[in-house]
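All remarks here apply to the structure that follows.
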Amino acid sequence: MNGRRFAGWTVSVICALLAVYPSNRLLAQHVAIGPQVVFGDYREVSADLQYRGAGMGAAATFTWKKLSADVALSKVKYKPSKDGTATQEFDASELDVRLRYYVTGPVSAELGFVNRKADPEFEAQSVGAVTAGARMAYLLGPGVRMNLHGGLMFGPKFSGGGKVSALGALELGLGMTVDALRGRVRFTGDYGFQRLTRKTDDGSGEVNVPIQQSLGRLGVAVVF
Amino acid sequence: MRRAVLLTLGVLLLPLPAAAQGTPAPVQNATLRRAIQAYDNLDFAQVVTIANQALRERLTSSERARAYELLGFAYSATGQPDQAINSFKETILLDPDRELDPGRVSPRISGYFNAALGQVMVVRLLGADSSQFIAGQGFVPVRYTVTSRARVRARAVSGQTSVLLDSSITVGQVNLRWTARLPNGDPVPAGTYTIVVEATAGQNSFSTSRQLRVAHGAVDTLPHLTSLPGYTYLPETEVPPKSWRPMGLALVYTGVALAGTSALSSGDLGSASLREAGTVGAGVVLAGFIMTLRKPAPQPARGNILYNQLLREQIARRNAEIAQENQRRRQQVAISVVPLARPGSGR
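Chains as they are written, first to last, in the numbering used here: chain A, 782 to 1005; chain B, 34 to 380.
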């Protein structure tokens, strides 16, 4: 419950910042927005609780000088894996926001947050966390870029409670963009991996209840 | 016998007809023509008689000078130097620019002629060269010869304008440089100018003149430069050699993502799913492979960019100097000076 309040507060602050920022100056910079096909793998507690699913999403990218921001929304319908013991499917709605600042060479620093809600609420854990990390980007050729990013998820909050050690929540990602039609259209492919070493204590001692998700996003975006 | 020797000597000393330099004016007077005929027949006594007779008749200045010249030749041939010199003096006073051709006149006659030159006071051989120069940066060469020491004043006169070129006591050849400028430094106005040279020695005075045409023109300006001779702009981009770096990096990035996923995945949750990473990674590797095969994109050539920048700066600096020079030239006047036909000289 605390995590949801925290995530909501962060979203409000960022939305307010974007609203205050003059829209004409934003439009003067690179803006890319478009739909995505999302597919993923979700695991929780043990190897028996596995889900796989697919869905739709949308992503937007804003670039201004050394700053850039990514906002990705997705909704994946996770279905229990045949090998597992889970029987109930659920929807995972995720909001992933990242602010990025170019540092030097291929390296940029990232700061953002992630918020994932499960529906029905008790079929999987809803999570909210602040993310911080670094990204390396490389220009493969004209209009073709790839990137590799990694970082930590700080202060994760779960709908079912529990805690995570300082280095227990990690994320890793791989991405690429291909510009087409003289940069007016951009094809994107992103991979994101999250691992949260969650522990709960029901009074009989700490119990490991890890959460892990692999998410792939393939999409197309229009560049303004 | 003595008469025969004198005759022989006279033949040897005989100047050829029209021994004076330049084409002589045609002789109209019949008596003078008879004197010339007698001179051609080596009858020097007749020459003296007929030439003196012609001098008592109405002759033009040129014919009168010719008559005295015949007398000078005849007296020289008959060994009468004083009369010869006196005759040549009259010739020189009538035609100061008259000269004998040393290739056709004996040294003896030339000697008498030069002796006559030293005994009269004239200004002769006044001349000026054609010139073209920027006002203040050039001059018109003017020269003349004064036969005896005298106070000589040379002026350039045109209407109300009179510019003193030189004033000095001199003898012999004089070379002057006329800068064609007024006393205040401005170029003289365009027009026809008369160079007047006046010589005064005691009671004697002599003047001669020569006309020049002075024209004004604009000074040519320099064209602006678009390039420097010997220097050309270099291409500011260059295509780097084909490289496997995109493919290699794509493999590295994808490998790190796959290995990182495997390494970071929780052991309690079974083996990690590599479907998502594999899909995106395959796209990255494919893109890297295609980029490796493609011709590399042109990259900025920093050395060439710097070189071109320096070249542009150099051309701009040179053009600024040219603009400054052209601004100066537009305020300048080109002066052309051409000598006109000689109006003659007078006493």
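Think of the CB as a built atom: it goes at the ideal place given N, C-alpha and C, for glycine as much as any other residue.
Quick test of your reading: residue 889 of chain A and residue 913 of chain A, contact by CB under 8 Å. State the CB separation rounded to the nearest angstrom. For the purposes of this step, residue 889 of chain A is taken as residue 108 along the first sequence, with counting starting at 1. For the purposes of this step, residue 913 of chain A is taken as residue 132 along the first sequence, with counting starting at 1. Residue 889 of chain A to residue 913 of chain A, Cβ: 12 Å. No contact.
Roughly how many angstroms lie between the CA atoms of residue 189 of chain B and residue 206 of chain B, to the nearest whole one? Locating residue 189 of chain B in the second sequence gives position 156, where the first residue counts as 1. Locating residue 206 of chain B in the second sequence gives position 173, where the first residue counts as 1. Rounded to whole angstroms, residue 189 of chain B to residue 206 of chain B spans 19 Å at the Cα level.
Give the interface partners of residue 951 of chain A over in chain B, defined as CB-CB distance under 8 Å, in chain order. If you number the first sequence from 1, residue 951 of chain A lands on position 170. For residue 951 of chain A, the chain B residues whose Cβ falls inside 8 Å of its Cβ are 297, in order along the chain.
Give the residues of chain A in contact with residue 271 of chain B, contact being defined as C-beta atoms less than 7 Å apart. Counted from its first residue, the second sequence places residue 271 of chain B at position 238. Within chain A, no residue has its CB atom less than 7 Å from the CB of residue 271 of chain B, the nearest being about 15 Å off.
Using a 10 Å radius around the Cβ and a threshold of 16 neighbouring Cβ atoms, would you call residue 211 of chain B buried or exposed? The sequence position of residue 211 of chain B within the second sequence is 178, counting from 1. Answer is buried; the Cβ neighbour count reaches 16.
Suppose you measure from the CA of residue 335 of chain B to the CA of residue 269 of chain B; what does that come to, to the nearest Å? The sequence position of residue 335 of chain B within the second sequence is 302, counting from 1. The sequence position of residue 269 of chain B within the second sequence is 236, counting from 1. Counting only the Cα atoms, residue 269 of chain B lies some 7 Å from residue 335 of chain B.
How about residue 125 of chain B and residue 81 of chain B: do their beta carbons lie closer than 8 Å? Along the second sequence, one-based indexing puts residue 125 of chain B at 92. Along the second sequence, one-based indexing puts residue 81 of chain B at 48. Against a cut-off of 8 Å, the Cβ pair of residue 81 of chain B and residue 125 of chain B comes out as no contact.
Straight-line gap, residue 837 of chain A to residue 983 of chain A (C-alpha atoms, nearest Å): The residue given as residue 837 of chain A occupies position 56 in the first sequence. The residue given as residue 983 of chain A occupies position 202 in the first sequence. Cα to Cα, the separation comes out at about 37 Å.
Using a Cβ cut-off of 8 Å (strictly closer), state whether residue 828 of chain A contacts chain B. Residue 828 of chain A sits at position 47 when you count from the first residue of the first sequence. Residue 828 of chain A belongs to the set of residues whose beta carbon lies under 8 Å from a beta carbon in chain B.
Measuring only between beta-carbons, confirm whether residue 345 of chain B sits less than 8 Å from chain A. The residue you call residue 345 of chain B lines up with position 312 of the second sequence. So, not an interface residue.
Consider the Cβ of residue 855 of chain A: report whether some Cβ of chain B lies at a distance smaller than 8 Å. As a working note, residue 855 of chain A is residue 74 in the first sequence. Chain B has no Cβ within less than 8 Å of the Cβ of residue 855 of chain A.
With DSSP run on the structure shown, which of helix, strand or coil describes residue 64 of chain B? The residue labelled residue 64 of chain B in the question sits at position 31 within the second sequence. Note: residue 64 of chain B maps to helix in three-state DSSP.
Boundaries (first-last residue) of the beta strand (DSSP E) holding residue 975 of chain A: Locating residue 975 of chain A in the first sequence gives position 194, where the first residue counts as 1. Per DSSP, residue 975 of chain A belongs to the beta strand (DSSP E) from 966 to 982.
Expressed to the nearest angstrom, what Euclidean distance is found between the alpha-carbon atoms of residue 947 of chain A and residue 907 of chain A? Working through the first sequence from its first residue, we reach residue 947 of chain A at position 166. Working through the first sequence from its first residue, we reach residue 907 of chain A at position 126. Cα-Cα distance, rounded: 19 Å.
Using a threshold of 8 Å, state whether the C-beta atoms of residue 819 of chain A and residue 841 of chain A are closer than that. Indexing the first sequence from 1 puts residue 819 of chain A at position 38. Indexing the first sequence from 1 puts residue 841 of chain A at position 60. No, they are not a contact pair.
From the beta carbon of residue 915 of chain A, is the nearest beta carbon of chain B less than 8 Å away? Here residue 915 of chain A corresponds to residue number 134 of the first sequence, with the count starting at 1. Taking Cβ atoms only, chain B never reaches closer than 8 Å to residue 915 of chain A, which makes this a no.
Going straight from the alpha carbon of residue 302 of chain B to that of residue 893 of chain A, what length do you get? Counting from one through the second sequence, the residue named residue 302 of chain B turns up at place 269. Counting from one through the first sequence, the residue named residue 893 of chain A turns up at place 112. So the two alpha carbons sit approximately 27 Å from each other.
How long is the line joining the alpha carbons of residue 208 of chain B and residue 179 of chain B, rounded to whole angstroms? Along the second sequence, read from residue 1 onward, the residue named residue 208 of chain B stands at position 175. Along the second sequence, read from residue 1 onward, the residue named residue 179 of chain B stands at position 146. Approximately 11 Å, taken between the alpha carbons.
So what does DSSP say about residue 854 of chain A, is it helix, strand or coil? On the first sequence, position 73 is the one that residue 854 of chain A refers to. Residue 854 of chain A: strand per DSSP, three-state reduction.
Run through DSSP, which three-state label would residue 371 of chain B get? For the purposes of this step, residue 371 of chain B is identified with residue 338 of the second sequence, where counting begins at 1. Residue 371 of chain B falls in the strand class under three-state DSSP.
Could you tell me how far apart the beta carbons of residue 137 of chain B and residue 98 of chain B are, in whole angstroms, since I believe they sit closer than 8 Å? Mapped onto the second sequence, residue 137 of chain B falls at position 104. Mapped onto the second sequence, residue 98 of chain B falls at position 65. That pair is no contact at about 18 Å.
Along chain B, in chain order, which residues have C-beta atoms closer than 8 Å to that of residue 991 of chain A? Within the first sequence, the letter at position 210 stands for residue 991 of chain A. Within chain B, the C-beta atoms nearer than 8 Å to that of residue 991 of chain A come from 299, 301 and 302, in chain order.
Quick check: the Cα distance between residue 233 of chain B and residue 147 of chain B, rounded to an integer number of angstroms? Taking the first residue of the second sequence as position 1, residue 233 of chain B is located at position 200. Taking the first residue of the second sequence as position 1, residue 147 of chain B is located at position 114. Using only the alpha carbons, I get a separation of about 21 Å.
Start and end residues, beta strand (DSSP E) containing residue 225 of chain B: As a first step, residue 225 of chain B is located in the second sequence; it is residue number 192 there, counting from the start. That run of the beta strand (DSSP E) goes 224 to 234.
Residue 804 of chain A versus residue 989 of chain A: straight-line alpha-carbon distance, rounded: Translated into the one-based positions of the first sequence, residue 804 of chain A becomes position 23. Translated into the one-based positions of the first sequence, residue 989 of chain A becomes position 208. Note that residue 804 of chain A scores a pLDDT of 45, beneath 50, so its modelled location is shaky; the value from the coordinates is reported in the next line. Residue 804 of chain A and residue 989 of chain A: Cα-Cα distance of roughly 47 Å.
What ranges does the alpha helix (DSSP H) occupy inside the segment 234 to 303 of chain B, keeping only unbroken runs of at least 4 residues that lie completely in it? Entirely contained in the segment 234 to 303 of chain B, the alpha helix (DSSP H) runs reaching 4 residues are, in chain order, 278 to 297.
Who does residue 205 of chain B pair with in a DSSP beta bridge? Taking the second sequence and counting its residues from 1, one reaches residue 205 of chain B at position 172. For residue 205 of chain B, which the question treats as bridged, DSSP gives the partners B/179.
With 16 as the cutoff for other CB atoms within 10 Å, does residue 347 of chain B come out buried or exposed? Stepping through the second sequence from its first residue, residue 347 of chain B is reached at position 314. Flag for residue 347 of chain B reads exposed.
For residue 816 of chain A, report the span of its beta strand (DSSP E) as first-last. Sequence index remark: in the first sequence, residue 816 of chain A carries index 35 (1-based). Residue 816 of chain A -> beta strand (DSSP E) spans 811 to 825.
Can you tell me the Cα-Cα spacing of residue 808 of chain A and residue 854 of chain A, whole angstroms? Here residue 808 of chain A refers to the residue found at position 27 of the first sequence. Here residue 854 of chain A refers to the residue found at position 73 of the first sequence. Unreliable positioning characterises residue 808 of chain A in this predicted model, as indicated by a pLDDT of 43, which lies under 50. The coordinate reading is nonetheless provided below. About 21 Å.
Exposed or buried, what is residue 360 of chain B when buried is set at 16 or more other beta-carbons lying within 10 Å of its beta-carbon? On the second sequence, position 327 is the one that residue 360 of chain B refers to. Counting Cβ neighbours within 10 Å, residue 360 of chain B comes out exposed, since fewer than 16 surround it.
So with CB distances below 7 Å, who are the chain A contacts of residue 281 of chain B? If you number the second sequence from 1, residue 281 of chain B lands on position 248. In chain order: nothing, as chain A lies at least about 11 Å away.
Taking only runs of the alpha helix (DSSP H) that begin and end inside the segment 292 to 367 of chain B, which ones reach a length of at least 4 residues, in chain order? Listed in chain order, the complete alpha helix (DSSP H) runs (minimum 4 residues) inside the segment 292 to 367 of chain B are 308 to 326 and 335 to 363.
Can you tell me whether residue 882 of chain A is buried or exposed, with buried defined as 16 or more other CB within 10 angstroms of its CB? In the first sequence, counting from the first residue as 1, residue 882 of chain A sits at position 101. Classification for residue 882 of chain A: exposed.
Give me the residue from B/310, B/85, B/290 and B/373 with the minimum Cα distance to residue 244 of chain B. Position 211 of the second sequence, counting from 1, holds the residue named residue 244 of chain B. Closest by C-alpha distance to residue 244 of chain B, out of B/310, B/85, B/290 and B/373, is B/373.
Rounded separation between residue 944 of chain A and residue 991 of chain A - CA only: Looking up residue 944 of chain A in the first sequence gives position 163. Looking up residue 991 of chain A in the first sequence gives position 210. C-alpha separation (whole angstroms): 10 Å.
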